[in-house]
Amino acid sequence: MSGRLPYIFNSQDLEKLLVNYNKLEGVRPTPTPERVYIWDETLRDGEQTPGVYLTLSEKLDIAKALDDIGVHLITIGFPAVSETEYEIVKAFSKESFSRAKIAAVARPRQSDIEACIECGVQTVNVFMPTSDLLLKIFRHNHAQALKIVSQGIELAKAHGMHVNWIMEDATRSQMEYLVEVTQTAIDAGAESVVLSDTVGVMMPFAWKYFVRTVKERVPKLRNNEIPMGVHVHNDFGMATAGTVMAVYQGVTLPHTCINGYGERAGNAALEEVVIALEYNGINTGITTEKLFELSKLAEKYFLIPLPAHKAVVGEFCFSHESGLHINAIVAHPRTYEPINPQHVGRERHLYVGKFSGTGSIRDKLLGIGLRLPDDILKKIVSEIKRKREETPKEVNRKKFNEVKEILKYLKVGITDKEVFQIVKHVVGPNFKEEWGKARNTFDENNGNHENTTKTDKENQKTENDTGKSSTRRKDGGSNK
Numbered sequence: 079m080s081g082r083l084p085y086i087f088n089s090q091d092l093e094k095l096l097v098n099y100n101k102l103e104g105v106r107p108t109p110t111p112e113r114v115y116i117w118d119e120t121l122r123d124g125e126q127t128p129g130v131y132l133t134l135s136e137k138l139d140i141a142k143a144l145d146d147i148g149v150h151l152i153t154i155g156f157p158a159v160s161e162t163e164y165e166i167v168k169a170f171s172k173e174s175f176s177r178a179k180i181a182a183v184a185r186p187r188q189s190d191i192e193a194c195i196e197c198g199v200q201t202v203n204v205f206m207p208t209s210d211l212l213l214k215i216f217r218h219n220h221a222q223a224l225k226i227v228s229q230g231i232e233l234a235k236a237h238g239m240h241v242n243w244i245m246e247d248a249t250r251s252q253m254e255y256l257v258e259v260t261q262t263a264i265d266a267g268a269e270s271v272v273l274s275d276t277v278g279v280m281m282p283f284a285w286k287y288f289v290r291t292v293k294e295r296v297p298k299l300r301n302n303e304i305p306m307g308v309h310v311h312n313d314f315g316m317a318t319a320g321t322v323m324a325v326y327q328g329v330t331l332p333h334t335c336i337n338g339y340g341e342r343a344g345n346a347a348l349e350e351v352v353i354a355l356e357y358n359g360i361n362t363g364i365t366t367e368k369l370f371e372l373s374k375l376a377e378k379y380f381l382i383p384l385p386a387h388k389a390v391v392g393e394f395c396f397s398h399e400s401g402l403h404i405n406a407i408v409a410h411p412r413t414y415e416p417i418n419p420q421h422v423g424r425e426r427h428l429y430v431g432k433f434s435g436t437g438s439i440r441d442k443l444l445g446i447g448l449r450l451p452d453d454i455l456k457k458i459v460s461e462i463k464r465k466r467e468e469t470p471k472e473v474n475r476k477k478f479n480e481v482k483e484i485l486k487y488l489k490v491g492i493t494d495k496e497v498f499q500i501v502k503h504v505v506g507p508n509f510k511e512e513w514g515k516a517r518n519t520f521d522e523n524n525g526n527h528e529n530t531t532k533t534d535k536e537n538q539k540t541e542n543d544t545g546k547s548s549t550r551r552k553d554g555g556s557n558k
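79 is the number of the first residue of the sequence shown in this note's numbering; add one for each residue after it.
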């Protein structure tokens, strides 16, 4: 804002002029944690974003940056899933971090736990589904699942590991069983418990009942002897809201992913959760001034561009074009900026275009030492608006579509064509007859593969006809 007068309102003036309903007595839940500890899942759940693959060096760069800004726990990978992931986790165990702890992921099965032990990690996040639907799909009843959980955690504890217990699909689980499996995990040695909203169905208002009910019915949670975490997906756009709401109910281990990366619609965004909590009086231990730098690092490695309107780190977050808004910001930034851009490592940008006024043009010219009378400024503004409105959009639209096509390529990952070429290479001529019998066709000349959209349409028809979801999977099998 070079050349402008100082802001005409000070902080005391603002307190009188702006109402903050978040701070009104009786509005904010009590008691609320004064401090939370960020548990970041970017290198595990974030990497499950379709088409994303991170190298060891990229993971290390992101992990070091997370450590640098003050993240408490970093989940680094799932060693049982592949040899590459195993080697990455093993390499991480030899690295030193100044503040963050690192953890690997495992199911409560012997081979998974042993893979973590062999990799040398000291902390393991043991997870298992708790909803009746997923338990049925994986062919477990409650009694069997409880035994599996107990044995898996006890095995990890027997090897001196710190164990975090994560309940997949907790928000669609029976409360009685959820409490029972939580108590079982704690009895087996779990040192924290995490409620996962795996498909993002929990509305913000429901977190109060959900978190408080689990806490009240599990003694060590009720007495705050063991911390609680939440892992929230963004399928309904509620990941940040749900995570923040859960914190206000006593959760102190919120899960996040940088830029909201993750499966499907993604996860609660680290930068959003941190700023929402910090601006409402809850200490996250994060150096917020480094959030934007961290965001751009993740964008660079994930190859997924940030939406321009993305909260906190999007290009337009602290950008203004409207002349009325710019004039107000000259009086004080809080008029149209609830977040100080410097607090997150950003700068304010003033755009010139259709909605610009003389104030923004005057400010831009004063920045280079040029002062013009108002009548000249009005003519300049009029010419700018005319030029913008007369600019043909076809050139920009063409470039936009070209960029979209390029981004499609980056998001594909391994195509069906590539998959079936690999299959053909591996099996050779031995399964020639099987190709002809397969329900989905494979063209040996060009590798075309018919996707399973027919089954999807059949399932949709069943839903439309009966009002119930079909129990058939895409591969034609039945969920037993």
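We put the CB at the ideal spot given by N, CA and C, even for glycine. Nothing here was measured: the structure is a model prediction, and the numbers come from that model.
Collapsed DSSP secondary structure at residue i in the structure displayed
i	result
VAL271	strand
SER400	coil
PRO561	Because the chain here runs from 79 to 558, residue 561 falls outside it and cannot be looked at.
ASN312	coil
HIS503	helix
ILE353	helix
GLU246	strand
HIS427	strand
ALA560	Residue 560 cannot be examined here, being either before or after the span of the chain that is shown, 79 to 558.
LEU348	helix
ASN358	coil
VAL167	helix
ARG440	helix
GLY129	coil
LEU95	helix
THR365	coil
SER89	helix
ARG550	Below a pLDDT of 50, predicted positions are generally treated as unreliable, and ARG550, at 31, falls in that range; the measurement from the model is reported next regardless. Of the three classes helix, strand and coil, the one that applies to ARG550 here is strand, per DSSP.
THR108	coil
LEU455	helix
ILE446	coil
ALA141	helix
LEU256	helix
Identified DSSP bridge partners for residue i
i	result
LEU151	TRP117, LYS179
GLU196	None; GLU196 has no bridge partner.
ALA184	VAL204
HIS237	According to DSSP, which records beta bridges pairwise, HIS237 is partnered with nothing at all.
PRO157	Note: PRO157 sits in no beta bridge, so no partner.
ILE231	Beta-bridge pairing links ILE231 to no other residue.
Exposure of residue i, with buried meaning 16 or more beta-carbon neighbours within 10 Å
i	result
GLN420	exposed
VAL259	buried
ARG250	buried
PHE216	exposed
GLU349	buried
ASN345	buried
MET306	buried
GLU173	exposed
ASP452	exposed
PRO385	exposed
LYS465	exposed
THR436	buried
ARG475	exposed
GLU93	exposed
LYS137	buried
MET280	buried
ARG185	buried
HIS387	exposed
Through-space distance from residue j to residue i, alpha-carbon basis
i	j	result
LEU134	THR162	9 Å
ASN203	ASP145	19 Å
ASN100	LEU355	11 Å
LYS141	ILE152	It is worth fixing the name first, because residue 141 is Ala in this sequence and not Lys. For ALA141 and ILE152, the distance between alpha carbons rounds to 7 Å.
HIS527	ALA343	At HIS527 the pLDDT is 45, less than 50, meaning the model places this residue with poor confidence and gives no usable figure here.
ILE439	HIS403	13 Å
LYS293	TYR487	46 Å
SER171	ILE180	8 Å
ARG424	PHE370	7 Å
VAL473	VAL481	13 Å
GLY338	ILE454	46 Å
ILE231	ALA347	29 Å
ARG449	ALA284	57 Å
GLU269	ASN358	28 Å
ARG106	ALA324	12 Å
THR330	GLN261	19 Å
ALA248	SER209	6 Å
ARG300	LEU381	43 Å
ILE500	ILE462	56 Å
GLN188	ALA158	11 Å
Complete alpha helix (DSSP H) runs within the stretch 289 to 338 (minimum length 4 residues, chain order): Segments of the alpha helix (DSSP H) lying fully in the stretch 289 to 338: 297 to 300, 317 to 326.
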